[in-house]
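A.B. asks: My questions all concern the structure below.
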Amino acid sequence: MKLKKFIQSNAWLSVEAILLQLYPDEEKNISGYKKVFEELLFMHPEDSEISIVVAHQKDDYDGEEYVNVSGIYANPKSEEEEFSQSIEFTPWI
Numbered sequence: 509m510k511l512k513k514f515i516q517s518n519a520w521l522s523v524e525a526i527l528l529q530l531y532p533d534e535e536k537n538i539s540g541y542k543k544v545f546e547e548l549l550f551m552h553p554e555d556s557e558i559s560i561v562v563a564h565q566k567d568d569y570d571g572e573e574y575v576n577v578s579g580i581y582a583n584p585k586s587e588e589e590e591f592s593q594s595i596e597f598t599p600w601i
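In structure tokens form, the structure reads like this:
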């Protein structure tokens with residue numbers, strides 16, 4: 509599923525409720541998250557060589573579970589591209 513479709517298939521109120529459940533300290537920033545959500549709704553998707561991967565992981569140190577979001581190249585061109593990638597600095601437009 510494309511990120512655009514994923515965003516469109518979720519209502520902001522549902523996203524807000526989950527964000528605040530997982531990150532209660534972020535309530536002071538919730539209007540900023542809403543703004544980003546609304547902007548993503550109207551952005552046009554671009555093709556990318558990287559697919560977004562969302563996976564449940566278990567921390568090796570304390571065994572706590574968390575959700576890991578990363579990117580993976582569909583057709584890696586180097587050894588480095590065979591591993592999951594950080595997507596924080598991926599351009600969105």
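By our numbering, the letter at position 38 of the sequence shown is numbered 546, and the numbering carries on one by one without gaps.
Note that beta-carbon positions come from the ideal geometry of N, C-alpha and C, so glycine has one too.
Please read these numbers as outputs of a predicted model, since none were measured by experiment.
Counting along the chain, where does the alpha helix (DSSP H) carrying glutamine 516 start and finish?
C.D. replies: Start at 1 with the first residue of the sequence shown, and residue 516 comes out as number 8. Segment 511–516, the alpha helix (DSSP H) holding glutamine 516.
A.B. asks: So if DSSP puts alanine 525 in a beta bridge, which residue, or which two residues, is it bridged to?
C.D. replies: Locating residue 525 in the sequence shown gives position 17, where the first residue counts as 1. Its beta-bridge partners do not exist; DSSP assigns none.
A.B. asks: Less than 8 angstroms between the C-beta atoms of glutamine 565 and glutamate 554, yes or no?
C.D. replies: One-based indexing of the sequence shown puts residue 565 at position 57. One-based indexing of the sequence shown puts residue 554 at position 46. Not in contact: glutamine 565 and glutamate 554 (Cβ atoms no closer than 8 angstroms).
A.B. asks: Rounding to the nearest angstrom, what Cα-Cα distance links alanine 563 and isoleucine 595 in this structure?
C.D. replies: In the sequence shown, counting from the first residue as 1, residue 563 sits at position 55. In the sequence shown, counting from the first residue as 1, residue 595 sits at position 87. Cα-Cα distance, rounded: 14 angstroms.
A.B. asks: On the three-state DSSP scale, how would you describe lysine 585?
C.D. replies: Translated into the one-based positions of the sequence shown, residue 585 becomes position 77. Three-state result, lysine 585: coil.
A.B. asks: At which residue ranges does the region 520–583 contain complete beta strand (DSSP E) runs of 3 or more residues, listed in the order of the chain?
C.D. replies: Listed in chain order, they are 558–566 and 573–581.
A.B. asks: Pair every Cβ in the region 584–594 with every Cβ in the region 533–550, then say whether three or more of these pairs are closer than 8 angstroms.
C.D. replies: Cβ pair count under 8 angstroms is below three, so no.
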